[in-house]
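Asker: Numbered per the working numbering, the sequence shown spans residues 57 to 194. Beta carbons: idealized from backbone N, C-alpha and C, even for Gly. Below: one structure in structure tokens.
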Amino acid sequence: MAISAGKGSINVTPLIDVLLVLLIIFMVIQPLVSRGLDTLVPQPPKMPEQQQIEPEAVVVELHAGAGGVTYSINTQPIAHDALQGKLAGIFIRRNDKTIFLRGDAALSYSTVIDVIDIAHAAGIDNIGIITPRVEQGG
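See the structure below:
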């Protein structure tokens, strides 16, 4: 007695239902995922005058001597009274308002603070202090 098996068929309806549900889920999620990254767009140069090459760093030197404190800007001697005006004139067209102070070890702290106050009054934002260790490169 042989039993013949009939040809079987696969019911595809539940598979299509699952695929349609997944399609709907992905359609709902997709707008949330496609936000991307927030980036800054480069701006065109403003004006040709602002594209000038920045000159070298400005170093204000303070030297303690027998006659008192002497000041110089990039090795050019200058009087204490003219220091603020000269610094303001140098930095009037510069974007980077940074100076460096180099002073003798014999100077009082108040003398250095006085020059820092003069630099701030001239509109200088960043002030660096050069120490002997920095000069030696160590």
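Looking only at DSSP bridge pairs, what is A120 linked to?
Answerer: As a first step, residue 120 must be located in the sequence shown, where it is residue number 64. A120 pairs with V125.
Asker: Can you give me the C-alpha to C-alpha distance between L78 and Q99, rounded to a whole angstrom?
Answerer: Looking up residue 78 in the sequence shown gives position 22. Looking up residue 99 in the sequence shown gives position 43. Going from the Cα of L78 to the Cα of Q99 covers about 43 Å.
Asker: Check the DSSP bridge columns for R158 and list the partner residues they point to.
Answerer: Stepping through the sequence shown from its first residue, residue 158 is reached at position 102. Bridge partners of R158: E117, I186.
Asker: Roughly how many angstroms lie between the CA atoms of D181 and G123, to the nearest whole one?
Answerer: Taking the sequence shown and counting its residues from 1, one reaches residue 181 at position 125. Taking the sequence shown and counting its residues from 1, one reaches residue 123 at position 67. Cα-Cα distance, rounded: 31 Å.
Asker: Restricting to Cα atoms, I'd like to know which of T126, V115, I174 is closest to G141.
Answerer: Residue numbering aside, residue 141 sits at position 85 when the sequence shown is read from its first letter. That would be I174, whose Cα lies nearest to the Cα of G141.
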